[in-house]
């Protein structure tokens, strides 16, 4: 099956799959943190697939990043089979917040920056709380429904819907083809 650009679905899937791993792993700061090679970063929580640590430029009193140990470039690299990964990332983020006394689920924000608004090309979930205390100078970076930021819930629902491999069209514009916030 071809799209309007003449690419077959398999070609586009292969192109996106190449974003799951790259030569960037050798110099990726998040890969170094995940492998415990960055002595300046304290890992707050980890399991066999994920690590969580504090953001170096916090936008809220509690601002954590949950990162897969496997190098994945961005949310645009994900497909339906990654739903469980996104869910586990969110579960770890909620657990870290609970362990730090944040119990109000209505005052947290979790989401992913959309390319080109990512600072590190390694998939990472931002976990912020309380949202009522996100700093004014950083609020625009974490506003749901913008070109810059997709909530965990939106990404998960998009992947569940099976919109791949064209799900990134929904993530870059609310054209009615995909889900919106």
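Residue numbers (the working numbering): 182 to 362. Ideal placement from N, C-alpha and C gives every residue a C-beta, glycine not left out.
Local conformation of residue i per DSSP, three classes
| i | result |
| --- | --- |
| residue 224 | strand |
| residue 249 | strand |
| residue 263 | helix |
| residue 278 | helix |
| residue 212 | helix |
| residue 235 | strand |
| residue 271 | helix |
Status (buried if at least 16 other CB within 10 Å, exposed otherwise) for residue i
| i | result |
| --- | --- |
| residue 343 | exposed |
| residue 189 | A caution first: residue 189 carries a pLDDT of 40, below 50, which makes its placement in the model unreliable, though a value can still be read off. Under this definition residue 189 is an exposed residue. |
| residue 339 | buried |
| residue 298 | exposed |
| residue 199 | Per-residue confidence for residue 199 stands at a pLDDT of 45, beneath the threshold of 50, marking its modelled position as unreliable; no derived number is given. |
| residue 310 | buried |
| residue 282 | exposed |
| residue 320 | exposed |
| residue 284 | exposed |
| residue 341 | exposed |
Residue i - containing beta strand (DSSP E), residue span
| i | result |
| --- | --- |
| residue 290 | 290 to 294 |
| residue 304 | It is not in any beta strand (DSSP E) - residue 304 carries neither H nor E in the DSSP assignment. |
Contact with chain C by residue i, beta-carbon distance below 8 Å
| i | result |
| --- | --- |
| residue 336 | Here chain C cannot be found, since the structure has a single protein chain. |
List in chain order: all unbroken alpha helix (DSSP H) runs of 4+ residues lying wholly within the region 312 to 346. 333 to 341
Counting pairs of Cβ atoms below 8 Å between the region 229 to 237 and the region 252 to 263, do you hit three or more? no
Does the pairing of the region 278 to 290 with the region 250 to 261 give three or more beta-carbon distances under 8 Å? no
Touching or not, the region 326 to 336 and the region 275 to 285, by the rule of three or more beta carbon pairs under 8 Å? no
Is it true that the region 313 to 320 meets the region 210 to 225, where meeting means three or more beta-carbon pairs spaced less than 8 Å apart? no
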